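Participant: Residue numbers (the working numbering): 21 to 156.
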């Protein structure tokens with residue numbers, strides 16, 4: 021189901037609760053909402069659709085990827101980026117890492133580790149910031 025985008029900073033700055041199996045529907049709603057906003061958006065976190073759980077979705081290698089309870093456990097190559105957000109107007113500067121290693125759970129809630137670089141790494145960092153209640 022396509023959900024309305026939350027734009028209220030007081031809701032977006034709350035740290036997300038851990039996700040569980042009950043959040044599989046949240047992931048489906050995030051994917052539907054991302055698809056509906058594909059022209060302006062490359063990733064989303066659950067708090068952007070009003071659900072305060074650690075679930076993110078993003079474009080990755082021509083498809084979409086879902087992560088439950090993502091956390092960055094390694095990074096290298098800091099740089100300054102200019103980013104926009106569907107929940108906010110305009111763009112802002114953000115410090116990012118060129119390469120990140122992420123621990124997360126997949127749709128079967130199996131723990132995975134994966135290294136991401138470049139644009140995909142930047143998207144993931146932005147969405148994990150949402151989970152932490154950090155706005156650009």
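Glycine included, C-beta positions come from ideal geometry on N, C-alpha and C.
All of these numbers come straight from a predicted model, not from anything done at the bench.
In the DSSP output, what is residue 80 paired with across the bridge?
Facilitator: Partner(s): 83.
Participant: Sort out for me which residues DSSP pairs residue 101 with in a bridge.
Facilitator: Beta-bridge pairing links residue 101 to 114.
Participant: Quick one: grab the DSSP three-state call for residue 122.
Facilitator: Three-state result, residue 122: strand.
Participant: Taking just the CA atoms, how far does residue 44 sit from residue 53?
Facilitator: Their backbone Cα atoms lie some 14 angstroms apart in a straight line.
Participant: Quick one: Cα of residue 25 to Cα of residue 94, how far?
Facilitator: The straight-line gap from Cα to Cα measures roughly 30 angstroms.
Participant: Which one or two residues does DSSP pair with residue 65 in a beta bridge?
Facilitator: DSSP lists 76 as partners of residue 65.
Participant: Would you call residue 49 buried or exposed, if buried means 16 or more other Cβ atoms sit within 10 Å of its Cβ?
Facilitator: Answer is buried; the Cβ neighbour count reaches 16.
Participant: Could you have a look at residue 93 and say whether DSSP puts it in helix, strand or coil?
Facilitator: Correct three-state label for residue 93: strand.
Participant: So the alpha helix (DSSP H) residue 50 belongs to, where does it begin and stop?
Facilitator: Taken as a continuous stretch (DSSP letters only), the alpha helix (DSSP H) holding residue 50 covers 44-56.
Participant: In chain order, what residues of the same chain have a beta carbon less than 7 angstroms from the beta carbon of residue 97, not counting five sequence neighbours either side?
Facilitator: These residues qualify, in order along the chain: 117, 118, 119.
Participant: Return the first residue and the last residue of the beta strand (DSSP E) that residue 155 is part of.
Facilitator: No beta strand (DSSP E) holds residue 155; DSSP gives it neither H nor E.
Participant: Decide yes or no for the touch test of the segment 71-83 against the segment 106-116: beta carbon pairs closer than 8 angstroms, at least 3 of them.
Facilitator: Touching, no.
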